[in-house]
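Visitor: Numbers 230 to 334, taken from my numbering, label the letters of the sequence shown in order.
Virtual Cβ for every residue (Gly too), placed ideally from N, Cα, C.
Note that this is a predicted model, so its numbers are computed, not measured.
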Amino acid sequence: MSTTEDNHFTRKINAKAERKLKAQRQAHKPVWFGLGMLGVVGWSIVVPGLLGLLIGLWLDNCCPGHYLWALNLFLVGLLLGCLNACHWMMKEQKAIHDDEEKPND
Numbered sequence: 230m231s232t233t234e235d236n237h238f239t240r241k242i243n244a245k246a247e248r249k250l251k252a253q254r255q256a257h258k259p260v261w262f263g264l265g266m267l268g269v270v271g272w273s274i275v276v277p278g279l280l281g282l283l284i285g286l287w288l289d290n291c292c293p294g295h296y297l298w299a300l301n302l303f304l305v306g307l308l309l310g311c312l313n314a315c316h317w318m319m320k321e322q323k324a325i326h327d328d329e330e331k332p333n334d
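Quick look at the structure:
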């Protein structure tokens, strides 16, 4: 093996060891932590949907028309909530990925 292959192999082994040590340090997080995160994601979808529904019901009572405001705004709220949850999860995934690749000094 050449020196560059040895260095590459050593870096890969060190990175795997660091990930394993980090996982062992973070193993103290209970199951409730994960369930709480699921709750946060769920509420970030439900709350905009319910707000859209409430505003839509108010608009249906205030100024009735051909369209059902409640249904349309409920769907818009759900869509915005799903986009918000997706954005949040992608941001968390990126933070985890960046943290794994961060070199130690």
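Quick one: any contact between the segment 315-330 and the segment 285-295, if contact means 3 or more CB pairs under 8 angstroms?
Guide: Flag = no, the segment 315-330 and the segment 285-295 do not touch.
Visitor: Could you check the C-alpha separation between aspartate 334 and leucine 302 for me, to the nearest Å?
Guide: Taking the first residue of the sequence shown as position 1, residue 334 is located at position 105. Taking the first residue of the sequence shown as position 1, residue 302 is located at position 73. Bear in mind that a pLDDT of 45 at aspartate 334, under 50, signals an unreliable position, so the number given afterwards is only what the model happens to contain. When rounded, the distance between both Cα atoms is 51 angstroms.
Visitor: When the Cα atoms are used, what is the spatial distance from arginine 240 to threonine 232?
Guide: Position 11 of the sequence shown holds residue 240. Position 3 of the sequence shown holds residue 232. Distance between the alpha carbons of arginine 240 and threonine 232 is about 12 angstroms.
Visitor: Grouping DSSP H, G and I as helix and E and B as strand, with all else coil, what is cysteine 292?
Guide: Along the sequence shown, read from residue 1 onward, the residue named residue 292 stands at position 63. In this structure, cysteine 292 counts as coil in the three-state DSSP scheme.
Visitor: Taking 8 angstroms as the cut-off, decide whether the C-beta atoms of leucine 286 and glycine 306 are in contact.
Guide: Indexing the sequence shown from 1 puts residue 286 at position 57. Indexing the sequence shown from 1 puts residue 306 at position 77. No, they are not a contact pair.
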